[in-house]
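Have a look at the structure below, then the notes.
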Amino acid sequence: MSNLMVDKVATLWPEMVMLAGAVACLMTGLSSQASRRRTVVWIAAATLVIAGIIAAAGTAQATSGVGLAGMAKFIKVAVAAVGLLLLMLNTSSTSQEGVALMRDTPELGGEFFAFFLCSLTGVMLTAGADDLVWLFLALELTSLPTYVMVAMGRQKLEARESAVKYFFLGAMSAALFLYGFALLYGAAGSTQLADIHQYALDNPHDGLLMFGLVLAVVGICFKIAAVPMHFYAADVYQGAASPVTAFLAFVPKSAGFLALLLMLGIVGWPLPQPIAWLIAAIAVATMTVGNVLGLVQSNVKRVLAYSSIAHSGYMLLGVLIGPPGSAPGSGNSATSAIGNGVAAVLFYLLAYGFSTIAAFAVLACLRVENDEAQTYNDLAGLMQRRPALAAVMVVAALSLLGLPPMVGFLGKIYLFGSALTQGYVVLVVIAVLNSAISAGYYLPIAASCIFSKPMRDVQTIEAPGRQAGAVLAAILAVVLGFGGGKLVSSANDAGRVVKQKHADKVSQVDQEKQFTSQ
Amino acid sequence: MGEPINDVALAHFLLTGGLLFVLGMIGFLIRRNLIIMFLCTELMFQGVAVTLVAFSKFHLDVSGQTFVIFVLTIAAAEAALALGLVVLLFRSKHTLDAEAWGELNG
């Protein structure tokens, strides 16, 4: 038992580094010298790099059954990498004019970056969760800092309003999934996910367990912005500062999907009929609501919020399919990720993350009359003014739409392809139709950047970090579209381990080799 | 941990917990005062805590009660956050009515 504990703690080095970095940011932010206070960004960056390296060098955690042990490594490295990108977006302007332009955006202090790191730590911890208590704490660690970040990131009434909305609904959803956890515990008599999984296998028709699971899933829907807990997204995304919105679009969503995979791992794939219907219904409702409401918006931040909802709907298909080997006829070859729903979700999370971060980064670089650029008119004619930023926006929109050769296309291929191999033809047809609808708002974004005449006096902030972040995210969205194979195969490995009940030595050594060879 | 409670006692405790939870949820949905709404989410958390303790006693398993300690900790952190946000809002608009907030609309 104590040995198990030591093993568990040994997998937590990246998280410990992150928390130490958060404390260091907090302390440095209190310094009386402005020059020292400005180093917090660099401390946060160094923390992310170190945590990422430690996570990449670490061995895959031995799995105890339903935990995401194999995924944990992939997730931790990915979170550190995307965290760096998000950090670049949150840097402020270096020039005097830039600072004057961003009057409603306060100089972000050490506490902001401490919260930033804490929230990312929460996602890492979610990936390694094997216990209900752990999972609850990790999810709350992800969410609580984001409420403060929304309130702090922008000194406007809207930001405060959206922070309060986000917080209250977040607290309500937390209570909802917590009640679900309590019922799961009540049914199985243990908080260990492995024990609950065993109990679910022995008692497949336990009403209490099923009810608890449904409550937990509905509560977690808030984190991924899925129907019926999606309505906050548009308001919160619009009210928060653009760099913070990019954070909201990736970080809580990742934690939510990991938690969802853990929860459904309790009953195992293929999911029991009622749960499968529930997930399928949520997926269809989410993508349809997101895409249809996205069409009628005039604010690009709100459009991207509905696009975030719609993408959650697509990803729920992967959640429905689950890891390979769970249904007869699933593709189980070592090279193909098609058929592995978990791998498809992991890859799609990154694909969506890079694309949406690129889009928000462009918005974060632009200012209109002392406010953030956020309407189609603000983007009009961007090509003539700032060709690089316009190109980034076009890449982001096309990638979110899922056009080749962007990474969004590859993500959709894996997701929809996996769903097809498992025979969910109707769902895939609905998803493809939805993708077609989404062209109705992604293409206008791209078109207004390229073809429209400039309509408003848009200024660009001289913030090298933000511009570099925008370009980097767009480059990643294109490069991964061409050469995402490696990432796919490591996502595939990560997704495969989830199902493995008792990892025997041979296959573990095998995985080690695969990890090191990449 | 002594004797486990029987089914009837468990049902009573679960009913209490469930009632607290549902009352909290209804209050959250129909009340518009921010402080009351926050207290309603607290009520939901306490309903969960009662449920967890009852199950813990029923299964004679201590981890449920450990869970409650963590739930209370998180509830305390949320209370601090909620009051901070409410004060922030009250300063900019001297009301606690949730209806008064409608800057964000599609």
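Protein chains in written order, with numbering that gives the first Met the number 0: chain A, 0 to 517; chain B, 0 to 105.
In this text, a Cβ means the ideal position worked out from N, Cα and C, and glycines have one as well.
Note that this is a predicted model, so its numbers are computed, not measured.
**Asked** Of the choices A/Leu136, A/Gly218, A/Glu157 and A/Ala225, whose alpha-carbon is the least far from that of A/Tyr236?
**Response** For A/Tyr236, the nearest C-alpha among the options comes from A/Glu157.
**Prompt:** With a CB to CB cut of under 8 Å and the five nearest residues on each side skipped, what residues in its chain are close to B/Gln64?
**Reply:** Correct list, in chain order: Leu51, Val52 and Ser55.
**Prompt:** Between A/Arg465 and A/Ala360, is the Cβ-Cβ spacing less than 8 Å?
**Reply:** Cβ atoms of A/Arg465 and A/Ala360: closer than 8 Å.
**Request:** Following the continuous alpha helix (DSSP H) through A/Leu131, name the residue where it begins and the one where it ends.
**Result:** Leu131 to Met151 is the span of the alpha helix (DSSP H), which, as asked, contains A/Leu131.
**Prompt:** If we cut at 8 Å on Cβ distances, does A/Tyr527 have a partner in chain B?
**Reply:** It is not possible to answer for residue 527 of chain A, since the shown part of chain A is limited to 0 through 517.
**Segments assigned alpha helix (DSSP H), at least 4 residues, entirely inside the segment 166-220 of chain A** = As far as the segment 166-220 of chain A is concerned, its whole alpha helix (DSSP H) runs of at least 4 residues are 192-201.
**Message:** Just checking: is the beta-carbon of B/Ile34 within a distance shorter than 8 Å of some beta-carbon in chain A?
**Reply:** Not an interface residue.
**Message:** Spatial neighbours of B/Lys92 within its chain, please: C-beta separation below 7 Å, excluding the five flanking residues on both sides.
**Reply:** Around B/Lys92: Ala99.
**Assigned exposure category for B/Glu2 - 16 Cβ within 10 Å defines buried** = B/Glu2 should be labelled exposed.
**8 Å contact criterion, which A/Thr90 and A/Ser118 should meet: CB distance rounded** = Contact flag wrong, Cβ pair sits at about 17 Å.
**Message:** Output needed for A/Ser30: all residues of its chain with C-beta closer than 6 Å, excluding positions within five of it in sequence on either side, in chain order.
**Reply:** Around A/Ser30: Arg36.
**Beta-carbon spacing of A/Ala357, A/Ala469 below 8 Å** = Going by C-beta atoms, A/Ala357 is nearer than 8 Å to A/Ala469.
**Item:** CA-to-CA distance, B/Ala97 to B/Phe89, given in whole angstroms
**Value:** Approximately 11 Å between the Cα atoms of the pair.
**Request:** Have a look at A/Ile308, A/Gly321 and A/Ile412 and flag the residue whose alpha-carbon is nearest the alpha-carbon of A/Tyr347.
**Result:** Taking each of A/Ile308, A/Gly321 and A/Ile412 in turn and checking the Cα distance to A/Tyr347, the smallest one comes out for A/Ile412.
**Beta-carbon proximity list for A/Ala9, same chain, < 7 Å, skipping 5 on both sides** = If we look at A/Ala9 and ignore the five residues flanking it on each side, it has no Cβ neighbours.
**Item:** The beta strand (DSSP E) enclosing B/Val49, as first and last residue numbers
**Value:** In this chain, B/Val49 is not harboured by any beta strand (DSSP E); it is covered by the alpha helix (DSSP H) spanning Leu33 to His58.
**Message:** Counting only C-beta atoms, is A/Met4 closer than 8 Å to chain B at any point?
**Reply:** Chain B contact via Cβ: absent.
**Prompt:** Which chain B residues sit within Cβ distance under 8 Å of A/Ala170?
**Reply:** Chain B residues near A/Ala170: Phe37, Thr40, Glu77 and Ala81.
**Request:** Give the interface partners of B/Thr50 over in chain A, defined as CB-CB distance under 8 Å, in chain order.
**Result:** Near B/Thr50 (Cβ distances below 8 Å), the residues of chain A are Tyr178, Ala181, Leu182 and Gly185.
**Item:** A/Gln466 (DSSP reduced to helix, strand or coil)
**Value:** For A/Gln466, the three-state secondary structure derived from DSSP is helix.
**Asked** In terms of residue numbering, what span does the alpha helix (DSSP H) encompassing A/Arg384 cover?
**Response** A/Arg384 -> alpha helix (DSSP H) spans Leu381 to Arg384.
**Message:** Cutting at 8 Å between CB atoms, please list the residues of its own chain near A/Gly520, excluding the five before and the five after it.
**Reply:** Lying before the first or after the last residue shown, residue 520 of chain A is absent from chain A, which here runs from 0 to 517.
**Request:** Return no unless some Cβ of chain B is closer than 8 Å to the Cβ of A/Gly293.
**Result:** Chain B contact via Cβ: absent.
**Message:** Restricting to Cα atoms, I'd like to know which of A/Gln197, A/Lys75, A/Leu18 and A/Asp194 is closest to A/Ala113.
**Reply:** Nearest C-alpha to A/Ala113: A/Leu18.
**Where A/Asn298 falls: helix, strand or coil (DSSP)** = Reduced to three states, the DSSP call for A/Asn298 is strand.
**Request:** With DSSP as the reference, label A/Gln601 as helix, strand or coil.
**Result:** Chain A is shown only over 0 to 517; residue 601 of chain A falls outside these bounds and no answer can be derived.
**Message:** Quick test of the definition: if touching needs 3 or more C-beta pairs under 8 Å, does the segment 38-57 of chain A touch the segment 433-447 of chain A?
**Reply:** Cβ pair count under 8 Å is below three, so no.
**Cα-Cα separation between A/Leu319 and A/Val428, rounded to whole angstroms** = Distance between the alpha carbons of A/Leu319 and A/Val428: 15 Å.
**Asked** Is B/Thr72 buried or exposed, if buried means 16 or more other CB atoms sit within 10 Å of its CB?
**Response** Exposed: under 16 other Cβ atoms inside 10 Å.
**Message:** Let's see if you can read the secondary structure: which residues bound the alpha helix (DSSP H) around A/Arg35?
**Reply:** A/Arg35 -> alpha helix (DSSP H) spans Ala33 to Arg36.
**Request:** Specify, as a first and last residue, the run of the alpha helix (DSSP H) that A/Leu426 falls within.
**Result:** Unbroken alpha helix (DSSP H) run through A/Leu426: Val424 to Ile449.
**Message:** For A/Leu259, which residues in the same chain have their Cβ closer than 6 Å to its Cβ, ignoring the five residues on either side in sequence?
**Reply:** Answer for A/Leu259: Ile219 and Val318, listed in chain order.
**Request:** Would you verify that the beta carbon of A/Phe135 is, or is not, closer than 8 Å to some beta carbon of chain B?
**Result:** Yes, its Cβ sits closer than 8 Å to a Cβ of chain B.
**Message:** For chain A, check one thing: does any of its Cβ atoms lie closer than 8 Å to the Cβ of B/Gly63?
**Reply:** Chain A, which has a Cβ nearer than 8 Å to the Cβ of B/Gly63, makes this yes.
**Range covered by the alpha helix (DSSP H) that runs through A/Thr46** = That run of the alpha helix (DSSP H) goes Val39 to Ala56.
**Prompt:** If you draw a straight line from the alpha carbon of B/Thr15 to that of B/Gln45, how long is it in whole angstroms?
**Reply:** Going from the Cα of B/Thr15 to the Cα of B/Gln45 covers about 10 Å.
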